[in-house]
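Asks:
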Amino acid sequence: MSLSLRVLLAVLGGLTCALAFPEPGLPWAAPVGVAVMTAAWWRAPWRHAVLAGYLGGLAFNLVLLSWLRVLGVDAWLALAVGWSVWWILLGLGTAAATWLRGWWPLAVAGLWVLVEALRGRMPWGGFPWGRLAFANSDTVLTPWSAVLGSAAVTALVAGIGAMLLVIVREAYSRRFDRALGAIGIVAVLALSGVLIPLPTVGQGSPAYVPLAVVQGSVPRIGLTEGAQRRAVLDNHVTATLELAERVQRGEEPAPAAVIWPENSSDVNPYTDSAARAQIDIAAKAIGVPILVGAVVEAGEDTLYNVGIVWDPQLGPTDEYIKQHPVPFGEYLPGRSLLTSVITRFDRIPKDFVGGPDSGVLQLGPARIGDIICFEVAYDSLVSDTVLDGARVLVVQTNNATYAGTSQPAQQVAMSRLRAVEHGRSVLIAATSGITAVITPSGDVVEQLPEQVSGSIVADVPMRDSLTIADTVKWGPEALLAVIGLAGWVVGAMARRRALGSKS
């Protein structure tokens with residue numbers, strides 16, 4: 064196969080894979096895209112594999128991360144161009160693994176898990192966005208996340224994609240019996256998840272807790288930075304006061320606690336008396352604790368992104384500090400060098416620093432697991448929260464910058480997968496959307512439109528039992544990654560033998 068054809072197929076495969084994610088969110092596109100990319104990398108010389116791997120990844124990331132254009136085309140291109148280097152490993156590994164006889168589709172599935180595991184952890188803590196599992200948060204494959212974790216869903220998607228290529232190759236070679244056998248394997252893999260039961264009801268005491276999520280919305284024009292911060296806080300106070308009035312009139316059930324989004328108070332309520340007074344007014348009006356998303360000083364040049372439990376009588380009683388600040392968004396790696404070269408980074412005058420503990424907090428009668436914004440993409444941050452006793456998961460997020468793009472919907476898709484993976488309800492509180500309530504089975508029972516002010520009160524199932532995925536932790540991911548690495552190594556040896564025998 065010529066290099067130009069390999070590049071064309073890799074780019075088409077990357078673009079097809081990107082269609083699996085919101086928006087438009089066509090899950091079937093993921094295995095089709097994997098099949099096309101695998102065809103591009105099939106037994107490729109290593110130079111071809113490097114180029115076709117990189118360009119396939121670049122096509123994928125340019126579409127997937129197009130929401131970054133609101134920060135500037137340079138930011139979008141920088142992340143897409145830099146992050147696509149990981150797809151070189153996929154190209155090289157697949158080029159080697161496809162020299163295997165029989166089990167190469169399993170090796171390809173393992174390679175996708177391996178590369179996702181690596182890019183989700185490094186550099187700077189990684190960036191797991193765009194994992195194949197996140198495109199399958201509402202399919203017949205989704206229940207497997209509750210058994211073997213999200214890595215298993217990625218492996219199934221990639222494995223089905225590899226088997227689609229087997230079907231095409233065998234049919235093209237007129238080996239129809241083998242093609243039919245491969246079709247049978249795909250059917251079994253695709254439909255096996257329907258046999259896995261998912262939780263739908265609450266457990267323990269209390270089994271259900273009425274919780275409210277508030278979306279105050281964000282003003283967009285005509286305000287200075289300080290006034291903007293005050294206005295966002297005012298909006299969430301107002302939305303909470305309106306909820307309290309509806310409760311008093313009997314139009315809404317009374318919540319046992321209220322959840323505000325990340326950055327609902329960018330003014331430090333610990334030190335700013337006006338902000339503290341505003342939050343006190345809201346808490347006293349609704350009469351229950353509020354989880355407030357705030358920014359507070361950690362030191363002279365550092366900040367914390369926190370979720371604060373605010374009691375109507377006692378004020379702030381507990382807090383969760385975001386563990387994984389976003390590099391280049393909340394802190395600058397190599398600050399002195401970067402600010403001297405790129406003046407735009409001066410807009411981030413202080414670095415956020417991470418907290419030491421998981422986000423398990425007592426919010427009224429609910430033992431919640433607080434997860435702040437992009438943290439929902441990281442396996443360990445979510446699973447640690449559940450293992451530490453969270454009965455329901457809360458995602459506090461501020462997607463106002465990305466309103467009207469695909470980013471909020473992509474984050475909802477991740478949250479739906481986490482609900483199934485851990486058997487927990489997930490409540491998303493977003494400043495401007497998408498605020499939603501998700502059941503332990505991954506169903507979105509209610510959500511608010513973007514860029515409107517409002518609230519949702521829902522009777523939320525509380526759960527104590529752990530899924531199998533919680534119990535086995537990262538074991539399946541490690542096993543699948545080892546299979547992928549073994550396929551790469553053994554495949555490279557097979558290639559050397561095959562090419563050596565021809566010379």
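Numbering (my numbering), first residue to last: 64 to 566.
The beta-carbon is built from N, C-alpha and C at its ideal position, and this holds for glycine as well.
Because the structure is a prediction, the values reported are computed rather than measured.
(1) What does Trp373 pair with, by DSSP beta-bridge criteria?
(2) If you draw a straight line from the alpha carbon of Gln266 to that of Val449, how long is it in whole angstroms?
(3) Would you tell me roughly how many angstroms separate the C-alpha atoms of Leu490 and Ala160, rounded to the nearest one?
(4) Taking the alpha helix (DSSP H) that Tyr271 belongs to, which residues open and close that run?
(5) Compute the Euclidean distance between the alpha carbons of Ala555 and Ile434, then round it to the nearest angstrom.
(6) Closer than 8 Å is the cut-off here; do at least three beta carbon pairs connect the region 128-137 with the region 492-512?
(7) Candidates Ile411, Leu395, Ser443, Thr101: which alpha carbon is nearest Arg481's?
(8) So, under 8 Å CB-CB, Ile342 and Val321 are touching, yes? Tell me the CB distance rounded to an integer number of Å.
(9) Which residue wins for smallest C-alpha separation from Arg69, given the options Gly356, Glu86, Leu118?
(10) Which residue's Cα is closest to the Cα of Phe190: Val439, Arg238, Glu513?
(11) Can you list, in chain order, the residues of its chain whose CB lies under 6 Å from that of Ser469, leaving out five sequence neighbours each side?
(12) How is the alpha helix (DSSP H) around Gly505 delimited, first residue to last?
(13) DSSP three-state call for Asp522: helix, strand or coil?
(14) At what residues does the alpha helix (DSSP H) containing Ala234 begin and finish?
(15) Quick one: grab the DSSP three-state call for Tyr465.
(16) Could you tell me the boundaries of the beta strand (DSSP E) in which Thr460 lies?
(17) In three-state DSSP terms, what is Gly267?
(18) For my contact list, Leu153 and Trp175 are in at a C-beta cut-off of 8 Å; report their separation, rounded to the angstrom.
(19) Within the continuous alpha helix (DSSP H) that includes Ala102, where are the two ends?
(20) Would you kindly work out how many angstroms separate the C-alpha atoms of Pro503 and Leu456, rounded to a whole number?
(21) Under the DSSP definition of a beta bridge, which residues are partnered with Gly135?
(22) Label Gln459 either buried or exposed according to how many other C-beta atoms from any shown protein chain fall within 10 Å of its C-beta, with 16 as the threshold for buried.
(23) Could you tell me the distance, in whole angstroms, from the CA atom of Gly76 to the CA atom of Val95?
(24) When burial is assigned at 16 or more other CB atoms within 10 Å of the CB, is Pro206 buried or exposed?
(25) So, at 7 Å on beta carbons, what are the nonlocal neighbours of Leu219 in its own chain, with the 5 sequence-adjacent residues on each side left out?
(26) Do you know whose CA, among Leu543, Ala476, Ile501, Arg238, lies nearest Ser488's CA?
(27) Would you list the residues sitting across from Ser328 in a DSSP beta bridge?
(28) Can you list, in chain order, the residues of its chain with a C-beta nearer than 6 Å to that of Lys385? Leave out the 5 residues immediately preceding and following it.
(29) Among residues of its own chain, excluding the 5 on either side of Glu513, which ones have a beta-carbon nearer than 8 Å to its beta-carbon?
(30) Candidates Ala357, Asp522, Arg558, Gly538: which alpha carbon is nearest Pro44's?
(31) So, at 6 Å on beta carbons, what are the nonlocal neighbours of Arg559 in its own chain, with the 5 sequence-adjacent residues on each side left out?
(32) What's the call for Leu163, buried or exposed, on a 16-neighbour Cβ count within 10 Å?
(33) Are the beta-carbon atoms belonging to Pro428 and Ala345 less than 8 Å from one another?
(34) With C-beta atoms as the reference, is Cys80 less than 8 Å away from Ala98?
(35) Considering Cα atoms alone, identify which of Val126, Val483, Leu211, Ser67 is closest to Ala103.
(36) From which residue to which residue does the alpha helix (DSSP H) around Gln473 run?
Replies: The answer reads as follows:
(1) Taking the sequence shown and counting its residues from 1, one reaches residue 373 at position 310. Answer by DSSP bridge pairing, in chain order: Ile353, Pro379.
(2) On the sequence shown, position 203 is the one that residue 266 refers to. On the sequence shown, position 386 is the one that residue 449 refers to. If I take the Cα positions, the gap works out to 15 Å.
(3) Here the question's residue 490 lines up with position 427 in the sequence shown. Here the question's residue 160 lines up with position 97 in the sequence shown. Approximately 41 Å between the Cα atoms of the pair.
(4) Mapped onto the sequence shown, residue 271 falls at position 208. Here Tyr271 belongs to no alpha helix (DSSP H); instead the beta strand (DSSP E) covers 271-278.
(5) One-based indexing of the sequence shown puts residue 555 at position 492. One-based indexing of the sequence shown puts residue 434 at position 371. Ala555 and Ile434: Cα-Cα distance of roughly 42 Å.
(6) no
(7) Position 418 of the sequence shown, counting from 1, holds the residue named residue 481. Comparing Cα positions, the closest option is Ser443.
(8) The residue you call residue 342 lines up with position 279 of the sequence shown. The residue you call residue 321 lines up with position 258 of the sequence shown. So it is not a contact: roughly 11 Å between Cβ atoms.
(9) Within the sequence shown, residue 69 is the residue found at index 6, counting from 1. It is Leu118 whose Cα lies nearest to the Cα of Arg69.
(10) By one-based count along the sequence shown, residue 190 stands at place 127. The shortest C-alpha separation from Phe190 is found at Val439.
(11) Your numbering for residue 469 matches position 406 in the sequence shown. Here the set comprises Pro85, Glu86, Trp130.
(12) Along the sequence shown, read from residue 1 onward, the residue named residue 505 stands at position 442. Counting along the chain, Gly505 falls outside any alpha helix (DSSP H), and DSSP gives it neither H nor E.
(13) Stepping through the sequence shown from its first residue, residue 522 is reached at position 459. In this structure, Asp522 counts as strand in the three-state DSSP scheme.
(14) Taking the first residue of the sequence shown as position 1, residue 234 is located at position 171. Unbroken alpha helix (DSSP H) run through Ala234: 213-235.
(15) Here the question's residue 465 lines up with position 402 in the sequence shown. Of the three classes helix, strand and coil, the one that applies to Tyr465 here is helix, per DSSP.
(16) Numbered from its first residue, the sequence shown carries residue 460 at position 397. Start and end: 455-460.
(17) Taking the first residue of the sequence shown as position 1, residue 267 is located at position 204. Of the three classes helix, strand and coil, the one that applies to Gly267 here is coil, per DSSP.
(18) Residue mapping note: residue 153 aligns to position 90 of the sequence shown, counting from 1. Residue mapping note: residue 175 aligns to position 112 of the sequence shown, counting from 1. Indeed, because the Cβ distance is near 7 Å, the residues count as touching under 8 Å.
(19) Taking the first residue of the sequence shown as position 1, residue 102 is located at position 39. Unbroken alpha helix (DSSP H) run through Ala102: 92-104.
(20) Position 440 of the sequence shown, counting from 1, holds the residue named residue 503. Position 393 of the sequence shown, counting from 1, holds the residue named residue 456. Rounded to whole angstroms, Pro503 to Leu456 spans 10 Å at the Cα level.
(21) On the sequence shown, residue 135 is found 72 positions in, with the first residue counted as 1. Gly135 pairs with nothing; no bridge assigned.
(22) In the sequence shown, the residue the question calls residue 459 occupies position 396. So Gln459 ends up on the buried side.
(23) As a working mapping, residue 76 is identified with position 13 in the sequence shown. As a working mapping, residue 95 is identified with position 32 in the sequence shown. Straight-line Cα distance between these residues: approximately 7 Å.
(24) By 1-based counting over the sequence shown, the position of residue 206 is 143. Buried, since its Cβ has 16 or more Cβ neighbours within 10 Å.
(25) Locating residue 219 in the sequence shown gives position 156, counting from the first residue. The residues are Leu204, Trp207, Leu252.
(26) As a working mapping, residue 488 is identified with position 425 in the sequence shown. Per the Cα distances, Ile501.
(27) As a first step, residue 328 is located in the sequence shown; it is residue number 265 there, counting from the start. Per DSSP, Ala357.
(28) Translated into positions along the sequence shown, residue 385 becomes position 322. Counting only Cβ-Cβ distances below 6 Å, and skipping sequence neighbours, we find Asn368, Ile435.
(29) Here residue 513 refers to the residue found at position 450 of the sequence shown. Answer for Glu513: Ala466, Gly467, Pro471, Ser495, Gly496, Ile497, listed in chain order.
(30) Here the chain comprises residues numbered 64 to 566, so residue 44 is not present and cannot be evaluated.
(31) Residue numbering aside, residue 559 sits at position 496 when the sequence shown is read from its first letter. Excluding sequence neighbours, Arg559 sits near nothing in its chain.
(32) For the purposes of this step, residue 163 is identified with residue 100 of the sequence shown, where counting begins at 1. Flag for Leu163 reads buried.
(33) Position 365 of the sequence shown, counted from the start, is the residue given in the question as residue 428. Position 282 of the sequence shown, counted from the start, is the residue given in the question as residue 345. No, the Cβ-Cβ distance between Pro428 and Ala345 is not below 8 Å.
(34) Here residue 80 is taken as the residue at index 17 of the sequence shown, counted from 1. Here residue 98 is taken as the residue at index 35 of the sequence shown, counted from 1. No, Cβ-Cβ distance for Cys80 and Ala98 is not below 8 Å.
(35) Sequence index remark: in the sequence shown, residue 103 carries index 40 (1-based). With distances taken between Cα atoms, Ala103 lies closest to Ser67.
(36) The residue you call residue 473 lines up with position 410 of the sequence shown. Unbroken alpha helix (DSSP H) run through Gln473: 470-485.
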